[in-house]
Amino acid sequence: MHAFEYAAPASVADAAAALANEDAKVLAGGQTLLPTMKQRLAAPSVLVDLRKIDGLSGISREGDALVIGAMTRHADVAASKVVQDAIPGLAALAALIGDPAVRHRGTIGGSLANNDPAADYPAAALALGATIVTNKREIAAGDFFKGLFETALEDGEIITKVKFPLPEKSAYEKFRNPASRYAMVGVFVAKTKAGVRVAVTGAGSSGVFRHAAMEAALAGNFSPAAIAGVKTDASGLLSDLHGDADYRAHLVGVMARRAVEAAA
Amino acid sequence: MVQVAMTVNGKAVSANVDSRTLLVQFLRENLRLTGTHVGCDTSQCGACVVHVDGKAIKSCTTLAVACEGASVTTIEGLAHGTKLHPMQQAFQDNHGLQCGFCTPGMIMTAVDLVNRKGNALDEATIRHELEGNICRCTGYHNIVKSIAQGAREMATQPQAAE
Ligand SMILES: Cc1cc2nc3c(=O)[nH]c(=O)nc-3n(C[C@H](O)[C@H](O)[C@H](O)COP(=O)(O)OP(=O)(O)OC[C@H]3O[C@@H](n4cnc5c(N)ncnc54)[C@H](O)[C@@H]3O)c2cc1C
Ligand code: FES
Ligand code: FES
Chain L
1 MHAFEYAAPA SVADAAAALA NEDAKVLAGG QTLLPTMKQR LAAPSVLVDL
51 RKIDGLSGIS REGDALVIGA MTRHADVAAS KVVQDAIPGL AALAALIGDP
101 AVRHRGTIGG SLANNDPAAD YPAAALALGA TIVTNKREIA AGDFFKGLFE
151 TALEDGEIIT KVKFPLPEKS AYEKFRNPAS RYAMVGVFVA KTKAGVRVAV
201 TGAGSSGVFR HAAMEAALAG NFSPAAIAGV KTDASGLLSD LHGDADYRAH
251 LVGVMARRAV EAAA
Chain E
1 MVQVAMTVNG KAVSANVDSR TLLVQFLREN LRLTGTHVGC DTSQCGACVV
51 HVDGKAIKSC TTLAVACEGA SVTTIEGLAH GTKLHPMQQA FQDNHGLQCG
101 FCTPGMIMTA VDLVNRKGNA LDEATIRHEL EGNICRCTGY HNIVKSIAQG
151 AREMATQPQA AE
């Protein structure tokens, strides 16, 4: 790890000021950033730890939305009765991230900001039509994810919370890489007032994406049978030593059918 | 250098550290608490698991400065003098270790598991919860047996406070 200055400001405004430094970076749970720094793939000059800022973590129901603070840990989302009642698929998703120790540190804001192509939360945010709230603006999930590890966040912009509109039905199914526990393929299916949305993570070579053909098939008939014949084009999918694009395309279909079955 | 202060195994400790210092380095090198091990240094193996404010975390993937003000419990903090914690005793009774390298992390993970899921743990739950802890020796079978016994006995025996 290269040397850095450490700051733990007490407010979002102070954190934003500290982030004005060149090469400053936010530290949340550190479960992605610290391993990356150890490998010297990231070398921030200043680390701005959000842990002392009041109000950045917590879970609440606000009207017909579930609101989760950016610093809320995966374990707290998984164990939350409020999340389990409002969006059970989201609580189940959080319980599938990494391992218990990782879930005690890792945060939803960190996961979304990182936008790993195999991360779980991006699938939920995109399928549920979440709104990512920052210290500057509100960003629709559909506009937030911009490719591999790329998001709409500007330099120094801080996610403060995430708003999930409550779906009528939803579920997440994940085929875990047995070694890393990240998604080989994960599919989040949501039936909402605005229609059916299907988001796929782990498979796309430019990150999480919506599956238009499945959404169309499920719109009139929300059942596993409706998507049994829907093919997934392998051309834009990842191929690596864990599985090639054709295999992932097949898994997308299997995970999607299981997710619809779990949600229906 | 940054000043950091925390409570480790019930004792107040403080030091001036480089901000890069990982919690595991602080425990092992500053405090000489070498029971916490580094197996992988890449957050995979769980040999470095300790409790921070009562929750199991990987101390190789946590900065010491981010634990300012926290209460940390390591494997050294579990026993009461010469009387082992019930989870430690269960590992001894069930031959739950061979080389012992993974054992501190296994035990800290197991105690956290009992704190979250209670004293009656079935085999499937234990195996699932150990997904962040790697053992190269035992094949896990006796670790799972140890944890089931330790969990039951934690219900009846007094333990050191966290
Ligand atoms: C062994 C292991 C297994 C894992 N398995 C999975 C898995 O199965 N599925 C999965 O999805 N993830 C997995 N992860 C990643 C884990 O979920 C991380 O916690 C997560 O990706 C990052 O969250 P963090 O809070 O740790 O963020 P950090 O590591 O602190 O930060 C990550 C990035 O986000 C930025 N950032 C953090 N918070 C904010 C914010 N509020 N606003 C703006 N930028 C911010 C940081 O600057 C940094 O660039 C795993 C990690 C490990 C170590
Ligand atoms: S040394 Fe921390 S997880 Fe392996
Ligand atoms: S006993 Fe040797 S690694 Fe587990």
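Here the protein sequences line up with chains L and E, keeping their order.
Counted the way my numbering counts, the first sequence spans residues 1 to 264.
Counted the way my numbering counts, the second sequence spans residues 1 to 162.
Glycine included, each C-beta is placed from N, C-alpha and C at the ideal position.
(request) Taking only the alpha-carbon atoms, compute the straight-line gap between D53 (chain E) and D112 (chain E) and give it to the nearest angstrom. (result) Within the second sequence, residue 53 (chain E) is the residue found at index 53, counting from 1. Within the second sequence, residue 112 (chain E) is the residue found at index 112, counting from 1. So the two alpha carbons sit approximately 11 Å from each other.
(message) Comparing C-alpha positions only, which one of E:T82, E:G150, E:E68 sits nearest to M106 (chain E)?
(response) As a working note, residue 106 (chain E) is residue 106 in the second sequence. Looking at the Cα atoms, E:G150 is the closest of the given residues.
(message) To the nearest angstrom, how far is the alpha carbon of N21 (chain L) from that of A152 (chain L)?
(response) Numbered from its first residue, the first sequence carries residue 21 (chain L) at position 21. Numbered from its first residue, the first sequence carries residue 152 (chain L) at position 152. Looking at the two C-alpha atoms, the distance is approximately 20 Å.
(request) Name, please, each residue of chain L whose Cβ falls closer than 7 Å to the Cβ of V65 (chain E). (result) Within the second sequence, residue 65 (chain E) is the residue found at index 65, counting from 1. Correct list: Y6.
(request) Look at the Cβ atom of M255 (chain L), then the Cβ atom of E154 (chain L), and state whether they are nearer than 8 Å. (result) By 1-based counting over the first sequence, the position of residue 255 (chain L) is 255. By 1-based counting over the first sequence, the position of residue 154 (chain L) is 154. Cβ atoms of M255 (chain L) and E154 (chain L): not closer than 8 Å.
(request) Indicate whether C67 (chain E) and L23 (chain E) have their beta-carbon atoms separated by less than 8 Å. (result) The count along the second sequence starts at 1 and reaches residue 67 (chain E) at position 67. The count along the second sequence starts at 1 and reaches residue 23 (chain E) at position 23. For C67 (chain E) and L23 (chain E), yes; Cβs fall inside 8 Å.
(message) Below 8 Å, how does it come out for the stretch 92-101 of chain L and the stretch 128-143 of chain E: are there three or more Cβ pairs, yes or no?
(response) yes
(request) Note down, one range per segment and in chain order, each beta strand (DSSP E) of at least 3 residues found wholly within the stretch 88-160 of chain L. (result) 131-134, 138-140, 145-147
(message) Below 8 Å, how does it come out for the stretch 4-17 of chain E and the stretch 209-217 of chain L: are there three or more Cβ pairs, yes or no?
(response) no
(message) Which residues in chain E have a C-beta closer than 7 Å to the C-beta of M184 (chain L)? List them in chain order.
(response) For the purposes of this step, residue 184 (chain L) is taken as the residue at position 184 of the first sequence. Within chain E, no residue comes near M184 (chain L); the closest Cβ sits about 16 Å away, beyond 7 Å.
(message) Taking the alpha-carbon of V38 (chain E) as reference, which of E:F101, E:A12, E:T74, E:G77 has the nearest alpha-carbon?
(response) Taking the first residue of the second sequence as position 1, residue 38 (chain E) is located at position 38. It is E:F101.
(message) Less than 8 Å between the beta carbons of M6 (chain E) and G69 (chain E), yes or no?
(response) Translated into positions along the second sequence, residue 6 (chain E) becomes position 6. Translated into positions along the second sequence, residue 69 (chain E) becomes position 69. Going by C-beta atoms, M6 (chain E) is nearer than 8 Å to G69 (chain E).
(request) Find out if the Cβ-Cβ distance for the pair A228 (chain L), L237 (chain L) is shorter than 8 Å. (result) Taking the first sequence and counting its residues from 1, one reaches residue 228 (chain L) at position 228. Taking the first sequence and counting its residues from 1, one reaches residue 237 (chain L) at position 237. No, these two residues do not count as a Cβ contact at 8 Å.
(request) Give the straight-line distance between the Cα atoms of V65 (chain E) and G10 (chain E), rounded to the nearest whole angstrom. (result) As a working mapping, residue 65 (chain E) is identified with position 65 in the second sequence. As a working mapping, residue 10 (chain E) is identified with position 10 in the second sequence. Their Cα atoms are separated by approximately 18 Å.
(message) On the criterion of 16 or more Cβ atoms from any shown chain inside 10 Å, does M108 (chain E) qualify as buried, or is it exposed?
(response) Taking the first residue of the second sequence as 1, we reach residue 108 (chain E) at position 108. So M108 (chain E) ends up on the buried side.
(request) Taking M1 (chain L) as the query, report the chain E residues whose CB atoms sit under 8 Å from its CB, ordered along the chain. (result) In the first sequence, the residue the question calls residue 1 (chain L) occupies position 1. Those within 8 Å of M1 (chain L) in chain E are R20.
(message) Buried or exposed for P44 (chain L), going by 16 or more other Cβ atoms inside 10 Å?
(response) For this step, residue 44 (chain L) is matched to residue 44 along the first sequence. Per the 10 Å Cβ criterion, buried.
(message) By DSSP's criteria, L13 (chain E) is part of a beta bridge. Which residues make up the other side?
(response) Mapped onto the second sequence, residue 13 (chain E) falls at position 13. Per the sequence shown, the amino acid found at residue 13 (chain E) is Val instead of Leu. Paired residues: E:M6.
(message) So, at 8 Å on beta carbons, what are the nonlocal neighbours of V2 (chain E) in its own chain, with the 5 sequence-adjacent residues on each side left out?
(response) Here residue 2 (chain E) refers to the residue found at position 2 of the second sequence. Cβ within range, chain order: N16, V17, D18, S19, V65.
(request) Decide if A161 (chain E) is buried, meaning its Cβ has at least 16 other Cβ atoms within 10 Å, or exposed. (result) Stepping through the second sequence from its first residue, residue 161 (chain E) is reached at position 161. A caution first: A161 (chain E) carries a pLDDT of 49, below 50, which makes its placement in the model unreliable, though a value can still be read off. Looking at its Cβ environment, which holds fewer than 16 other Cβ atoms inside 10 Å, A161 (chain E) is exposed.
(request) For the stretch 21-39 of chain L, enumerate the residues whose C-beta is nearer than 8 Å to any C-beta of chain E, in chain order. (result) L27, G30, Q31, L34, P35, K38
(request) Compute the minimum distance between the beta carbon of F101 (chain E) and the heavy atoms of ligand 3, and state whether it is under 7 Å. (result) Translated into positions along the second sequence, residue 101 (chain E) becomes position 101. Yes.
(message) 8 Å is my cut-off, CB to CB: does G163 (chain E) come that close to chain L?
(response) For chain E, the structure presents residues 1 to 162; residue 163 (chain E) sits outside this window and is missing.
(request) Would you kindly work out how many angstroms separate the C-alpha atoms of Y182 (chain L) and A203 (chain L), rounded to a whole number? (result) To locate residue 182 (chain L), count along the first sequence from 1; it is residue 182. To locate residue 203 (chain L), count along the first sequence from 1; it is residue 203. The straight-line gap from Cα to Cα measures roughly 11 Å.
(request) Can you give me the Cβ contacts of K145 (chain E) inside the same chain, cut-off strictly under 6 Å, excluding the 5 residues immediately before and after it? (result) Residue mapping note: residue 145 (chain E) aligns to position 145 of the second sequence, counting from 1. Excluding sequence neighbours, K145 (chain E) sits near N94.
(request) Count the C-beta pairs between the stretch 60-77 of chain L and the stretch 138-146 of chain L that are closer than 8 Å, then say yes if the count reaches three, no if not. (result) no
(message) Here's a check: name, in chain order, each residue in its chain whose Cβ is nearer than 8 Å to the Cβ of R127 (chain E), leaving out the five neighbours to either side.
(response) Working through the second sequence from its first residue, we reach residue 127 (chain E) at position 127. Around R127 (chain E): Y140, V144.
(message) Taking a contact to mean a Cβ-Cβ separation below 8 Å, would you say L27 (chain L) touches D49 (chain L) in this structure?
(response) The residue labelled residue 27 (chain L) in the question sits at position 27 within the first sequence. The residue labelled residue 49 (chain L) in the question sits at position 49 within the first sequence. Cβ distance < 8 Å, so L27 (chain L) and D49 (chain L) count as in contact.
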